[in-house]
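Undergrad: Those sequence lines, one after another, are chains S and W.
Count along the first sequence from 1, add 1, and you get the number used in our numbering.
Count along the second sequence from 1, add 264, and you get the number used in our numbering.
The C-beta atom is built at its ideal place from N, Cα and C for all residues, glycine as well.
Here the structure is a predicted model, which is why all the values come from computation and not from measurement.
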Amino acid sequence: MSGYDFTLSGARLTARPSGALWWPDEAVLVVSDLHLGKSERLARRGGALLPPYEVRETLARLAAEIAATGPRTVLCLGDSFDDLAAAGSLDPADSAELARLMAGRRWLWVEGNHDPGPVEIGGTHLAEFRLGPLAFRHIAEPAARGEISGHYHPKARLSLRGQAVSRPCFLIDACRVILPAFGAYTGGLRCDDPVLAGLMGPEAVAVLTGPAARAMPMPRRG
Amino acid sequence: MAPLPAPFQDWFSARGWRIHPHQQDMLARADAPALLLIAPTGGGKTLAGFLPSLVDLAGNSRQGLHTLYISPLKALAADIGRNLRAPVGEMGLPIRIEDRTGDTPASRRKRQRADPPHILLTTPESLALLLSYEDAPRVFAGLKRVIVDEVHALAESKRGDQLMLGLARLQRLCPGLRRVGLSATVEDPPALARFLAPHPGGCEILTADPGPAPDISMLETQAPPPWAGGGGRHAIPAILNEVRRHRTTLIFHNTRAQAEIFFHDLWLANDEGLPIGIHHGSLAREARERVEAAMAKGDLRAVVCTGSLDLGIDWGDVDLVIQVGAPKNVKRLVQRIGRANHRYNAPSKALLVPANRFEVVECAAALEAVRDRQLDGEPRGPGPRDVLCQHILAGAAAGPFEAGALYDEVTGAGPYTGLTRAQFDACLDFAATGGYALRAYDRYQRLISRDGKCQLRDPRSAARIRMNLGTIVDTETLKVRLKNSRGGTPLGEVEEGFAATLTQGDTFLIGGQVVRYEGLREMVVEVTRRADRTPRVATFMGTKFATSTQLSDRILAMFRQGRWPALPGHTAEWLALQRALSQLPERDRLLVETFPHEGRAHLVAYGFAGRNAQQTLGLLLTQQMERAGLHPLGFVATDYATLVWGLDEITDPAPLFRTETLREGFADWLAGNAVMKRTFRSSAVIAGLIDRMTPGRRKTGRQATFSSDILYDTLRKYDPGHLMLEITREEALKGLVDFGRLEEMLARTSGRITHVPLPRVSPLAAPLFLEVGRVPVKGAAEERLMAEEAARLMAEAGLG
Chain S
2 MSGYDFTLSG ARLTARPSGA LWWPDEAVLV VSDLHLGKSE RLARRGGALL PPYEVRETLA
62 RLAAEIAATG PRTVLCLGDS FDDLAAAGSL DPADSAELAR LMAGRRWLWV EGNHDPGPVE
122 IGGTHLAEFR LGPLAFRHIA EPAARGEISG HYHPKARLSL RGQAVSRPCF LIDACRVILP
182 AFGAYTGGLR CDDPVLAGLM GPEAVAVLTG PAARAMPMPR RG
Chain W
265 MAPLPAPFQD WFSARGWRIH PHQQDMLARA DAPALLLIAP TGGGKTLAGF LPSLVDLAGN
325 SRQGLHTLYI SPLKALAADI GRNLRAPVGE MGLPIRIEDR TGDTPASRRK RQRADPPHIL
385 LTTPESLALL LSYEDAPRVF AGLKRVIVDE VHALAESKRG DQLMLGLARL QRLCPGLRRV
445 GLSATVEDPP ALARFLAPHP GGCEILTADP GPAPDISMLE TQAPPPWAGG GGRHAIPAIL
505 NEVRRHRTTL IFHNTRAQAE IFFHDLWLAN DEGLPIGIHH GSLAREARER VEAAMAKGDL
565 RAVVCTGSLD LGIDWGDVDL VIQVGAPKNV KRLVQRIGRA NHRYNAPSKA LLVPANRFEV
625 VECAAALEAV RDRQLDGEPR GPGPRDVLCQ HILAGAAAGP FEAGALYDEV TGAGPYTGLT
685 RAQFDACLDF AATGGYALRA YDRYQRLISR DGKCQLRDPR SAARIRMNLG TIVDTETLKV
745 RLKNSRGGTP LGEVEEGFAA TLTQGDTFLI GGQVVRYEGL REMVVEVTRR ADRTPRVATF
805 MGTKFATSTQ LSDRILAMFR QGRWPALPGH TAEWLALQRA LSQLPERDRL LVETFPHEGR
865 AHLVAYGFAG RNAQQTLGLL LTQQMERAGL HPLGFVATDY ATLVWGLDEI TDPAPLFRTE
925 TLREGFADWL AGNAVMKRTF RSSAVIAGLI DRMTPGRRKT GRQATFSSDI LYDTLRKYDP
985 GHLMLEITRE EALKGLVDFG RLEEMLARTS GRITHVPLPR VSPLAAPLFL EVGRVPVKGA
1045 AEERLMAEEA ARLMAEAGLG
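(1) Tell me whether glutamate 757(W) is buried or exposed, calling it buried when 16 or more other Cβ atoms sit within 10 Å of its Cβ.
(2) Check whether chain W comes within 8 Å of proline 1(S), counting only Cβ atoms and requiring the distance to be less than that.
(3) Figure out for me which residue from Gly699(W), Ala619(W), Pro591(W) and Ser390(W) has the closest Cα to the Cα of leucine 631(W).
(4) Are the C-beta atoms of valine 196(S) and some chain W residue less than 8 Å apart?
(5) So, is the C-beta of glycine 223(W) closer than 8 Å to a C-beta in chain S?
(6) Starting from leucine 51(S), find everything on chain W with Cβ-Cβ shorter than 9 Å and list it in chain order.
(7) Secondary structure at tyrosine 708(W), three-state DSSP: helix, strand or coil?
(8) So which residues of chain S does alanine 1054(W) contact, with C-beta pairs closer than 8 Å?
(9) Nearest by alpha-carbon distance to glycine 306(W): which of Asp399(W), Ala448(W), Glu389(W) and Pro267(W) is it?
(10) Skipping 5 residues on each side, what residues in its chain have a beta carbon closer than 8 Å to that of arginine 864(W)?
(11) Against glycine 199(S), what residues of chain B qualify as contacts under a CB-to-CB distance less than 9 Å, listed in chain order?
(12) Alpha carbon to alpha carbon, how far is tyrosine 745(W) from leucine 755(W)?
(13) Measuring only between beta-carbons, confirm whether threonine 15(S) sits less than 8 Å from chain W.
(14) Between alanine 628(W) and the rest of its own chain, which residues show a CB-CB distance below 8 Å, the 5 nearest in sequence each way excluded?
(15) Give the list of continuous alpha helix (DSSP H) stretches no shorter than 4 residues that lie fully inside the region 643 to 713 of chain W.
(16) Below 8 Å on the Cβ atoms is my contact criterion, and I expect leucine 300(W) with proline 453(W) to pass it. Report the Cβ-Cβ distance as a whole number of Å.
(17) Return the first residue and the last residue of the beta strand (DSSP E) that histidine 861(W) is part of.
(18) Could you say which of Asp379(W), Glu506(W) and Pro297(W) lies nearest to serine 466(W) if we only look at CA atoms?
(19) Measuring only between beta-carbons, confirm whether alanine 662(W) sits less than 8 Å from chain S.
(20) Is there a Cβ from chain S that is less than 8 Å from the Cβ of aspartate 581(W)?
(21) Check the Cβ of alanine 1061(W) against every Cβ in chain S and list those closer than 7 Å, keeping chain order.
(22) Which residues does DSSP pair with glutamate 790(W) in a beta bridge?
(23) Which chain W residues sit within Cβ distance under 8 Å of alanine 175(S)?
(24) When the cut-off is 8 Å and only beta carbons count, does arginine 221(S) lie next to chain W?
(25) Where do the N-terminal and C-terminal ends of the beta strand (DSSP E) with arginine 107(S) fall, by residue?
(26) Glutamate 438(W) bridges to which residues according to DSSP?
(27) Measure the alpha-carbon distance for tryptophan 281(W) versus glutamate 354(W) and round it to whole angstroms.
(28) Give me, in chain order, the residues of the same chain whose beta-carbon lies closer than 8 Å to that of threonine 792(W); leave out the 5 immediate sequence neighbours on both sides.
(29) CB glycine 602(W) to CB proline 304(W), shorter than 8 Å?
(30) At least one CB of chain S closer than 8 Å to the CB of arginine 961(W): is that the case?
(31) Suppose you measure from the CA of leucine 470(W) to the CA of glycine 682(W); what does that come to, to the nearest Å?
(32) May I have the straight-line CA-CA distance separating glutamate 990(W) from glycine 952(W), to the nearest angstrom?
(33) Would you decide whether proline 462(W) is buried or exposed? Buried here means 16 or more other CB atoms lie within 10 Å of its CB.
(34) Taking the beta strand (DSSP E) that aspartate 379(W) belongs to, which residues open and close that run?
(35) For histidine 416(W), which of helix, strand or coil comes out of DSSP?
(36) Checking contacts by CB at 8 Å: is methionine 482(W) closer than that to chain S?
Spelled out as structure tokens, the structure:
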């Protein structure tokens, strides 16, 4: 398997090349920041008319992860919808696909700053979620341990003899994991940003997503 | 012939001047609906354009806008204002002249809309903005004449298409409007006249006496130009000597980065402290204006500059133009030469300084072409549809419109005469709904139809449309300031990508000074002055022009000679060395060299197809190599050749160059490559699919914005027939991809390939290693290197 295996507070976890986190012992698949309905929200608010296909694309990626891992629980770590109205305006075909993915497994929606309330789609809505030694919430809390969060959309840059490659990444240290954004229409925050540098310990590792998960020391500003 | 009114007659004779014949002709044809004047620089071209307006305004005192003058440069608009106010003041004419550009304060712009001057001097972008307001019909009521200056320069880019759509709109608002185009260098006057003409209807062409041939030669230097790279440093003593011998010298460079390095070196060698300045588009406006003012006063002996001084502005008493680096196309060279000696009937004096030995050959070819008075230029294609989409949205911002009437108006613009109604409707649909195959969302509605007219669903979106107007899509840049407690002096701008590579302590050149990178604060690069280290160089975005077909052909013809008496000895010897060690490229065969260098396998293909086509060749070749498992890592293209490097040696290159394979690969490749994504981004910004990045918007939450590459990939996957993809393909084919010239190269070499395997870099290939703009290949080799590099970093940090 091309994922990056590591342990957090005793739990064995895998950072998958797709940007999803897999906890095999509990059969939990975690994805963060899907931002479903982003194009619809922008259009509704008089903004750009972006190609309305990101829900389809994000769900297709999620379906592939579910097929590959067979989770009992899927945990969406906040900002699953670009806003609460977007959750109610999904295209019927997309809603049907989401329902198909949810069928037969526990589905948890942890709330994020974009989707702070319950949505009229099945599954369980939670402010945060705890299981065994781990706490799952949207935005990292500086003092937490054994914490899995999202929100920042971290990305890292690797310099290869004069050419730079930038990829969404996991940030992992002894206390926490910050997940990359899983949604199709998402940008990133460079992991040498002071906010991220402040959250992560000196030994932090960045795991780049892409064809394979690649770990490197988390880049920091000189 | 209409006699010149008395105040004008007196004004001319008071100065001992006589009206030029072409100025008289312009007056005589003041009623022509459209007129293109081709006159040499210094021939009183601008005055010729304005004379009919001045004469008309002198005789009929009136209120409101009479003449609109449009220039490609903000600075030119301001300069013309100064030059025009002088005679108007001296003749005591009651004419109000004002300029209006992006630099004009908002309060004055507002006032100009309420109370327009008689003559308004502006740019295509400012005109588009004026036309997008609801009060446009009132502002332009009574407009009689439009003067388009340097019309050939505008016709070279989408700014020209936007302008012609704007003129078509004006023509509808003011049916009796007369238009005049002014130009000094036109390779195909009838084509430019068709571009300018209101259709249906023609445009007369008036050609002035071209004046004497320029006095132009190659600068002889004591030190030979370097084998590679360069920037003209070897010529500094000789150039300083020329500066000393002339009043004012303009020293042109092809890129901003080169101008910066050259200026730095020139200043180090300038023992006498001759006053020399630098001027280019990445410098802060304050810095540019200082140089412009000093030059106008005659305080500077030389200015190191780029295309920012190519056009129009008549400053100072320039008596010598020096072009450093190969001129790439003859038309631009002639234009630059014309900057010297703005006096009619005196030859302009210019010197060419090849920056390296290859450029010696190109400069020799350019000299021949100038002597033959043979200009070059690629024919213009039909008007781009991304510009049309923007025009439709801008029209909606101005008020409700009827689709059929807008179609008639648009097809009256030269570039859009061939636009079909179906093509127009697709653009209208895109502007209205996004034009997606998936129609589930009723909120995807920017324009709605009411009483048979299209209008904005939400009138507030007009502001957003106006903010996105314009066809210039720049690379994202960051401002550079000197760090101090009071905010710091602005120095200029650098590309965001360049800023991202800087770490504290790195030094780079900007505005001729070495500065030290201190940090990034609120999207501003903060620097301190530091002169104690060799600088890294800022990679300013600079338009890279492809060497024209004419020049490439002249160079290939030169290679066929047995000896090169016209070339300096060092260059002739270099070509002879290439002939001895390998071969010289030929027009009807493709020379391919392979050799190892620094642990990587290299391949060079000398196609002489121009930078863009050579770049496309690089993309296609590396795609073939990726498929064949040859692990290509990257490539770099120049006007003459493409250099590819990778992990594995290529023993038989011929199959890689088979026309059918390349053409087959083209369709797939075209879809997925970086050039297409870059083209998509510009077209998407122009068409209004994505917003322009304004500095303020970038400051808030970087993670909210995402790359336009994602939109491109999504469209390809879920909506492959979408209009934006069609536009992107069309734009890339004629612009960055230039498949036409690649096809032409493949046709003339017709499968005849000479493969020369070598033990080391050949003389002709050496310069390629110093080229910037290396394109990485996103393939297996990158993943392999990434795995190695990540592992190395982990081990180094003790984290493995």
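TA: In brief:
(1) Its Cβ being crowded by 16 or more others within 10 Å, glutamate 757(W) is buried.
(2) In the structure as shown, chain S starts at 2 and stops at 223, and residue 1(S) therefore has no counterpart that could be examined.
(3) Ranking Gly699(W), Ala619(W), Pro591(W) and Ser390(W) by Cα distance to leucine 631(W) puts Pro591(W) first.
(4) Judged by the 8 Å Cβ criterion, valine 196(S) is not in contact with chain W.
(5) Only positions 265 to 1064 of chain W appear in the structure, and residue 223(W) is not among them; the question remains open.
(6) For the C-beta of leucine 51(S), the chain W residues within less than 9 Å are, from N- to C-terminus, Gly698, Leu953, Ile954, Leu975 and Thr978.
(7) Of the three classes helix, strand and coil, the one that applies to tyrosine 708(W) here is coil, per DSSP.
(8) Neighbours of alanine 1054(W) across chain S, judged by C-beta separation under 8 Å: Leu159, Leu209, Arg215, Ala216 and Met217.
(9) Cα-wise, what sits closest to glycine 306(W) is Ala448(W).
(10) Leu897, Trp909, Gly910 and Leu911
(11) Of the protein chains in this structure, namely S and W, none is chain B.
(12) With the sequence shown as reference, residue 745(W) is identified as arginine, and tyrosine is not the correct amino acid for it. Roughly 6 Å between the two C-alpha positions.
(13) no
(14) Met482, Met822, Ala830 and Leu831
(15) 649 to 662, 667 to 674 and 685 to 697
(16) 7 Å
(17) 854 to 861
(18) The residue you asked about is not serine; residue 466(W) is glycine in the sequence shown. For the residues Asp379(W), Glu506(W) and Pro297(W), the minimum Cα distance to glycine 466(W) belongs to Pro297(W).
(19) No - not a single Cβ of chain S is within 8 Å of the one on alanine 662(W).
(20) no
(21) Pro218
(22) Arg745(W) and Gly783(W)
(23) Going along chain W, no residue has its Cβ under 8 Å from alanine 175(S), so there is no contact; the nearest lies around 12 Å.
(24) no
(25) 107 to 111
(26) The question names glutamate, but residue 438(W) is cysteine in the sequence shown. Cysteine 438(W) has no beta-bridge partner at all, per DSSP.
(27) Answer to the nearest angstrom: the Cα atoms are 15 Å apart.
(28) Non-local C-beta neighbours of threonine 792(W) in its own chain, meaning closer than 8 Å and more than five positions away in sequence, comprise Leu746, Lys747, Val779, Arg780 and Glu782, ordered along the chain.
(29) yes
(30) Bear in mind that the predicted position of arginine 961(W) carries a pLDDT of just 49, short of 50, making it unreliable; the figure below should be weighed with that in mind. No, because no Cβ of chain S sits closer than 8 Å to the Cβ of arginine 961(W).
(31) Those two C-alpha atoms are separated by around 26 Å.
(32) 15 Å
(33) buried
(34) Taken as a continuous stretch (DSSP letters only), aspartate 379(W) belongs to no beta strand (DSSP E), as it is neither H nor E.
(35) helix
(36) Interface residue (Cβ-Cβ distance to chain S less than 8 Å): methionine 482(W) is not classified as such.
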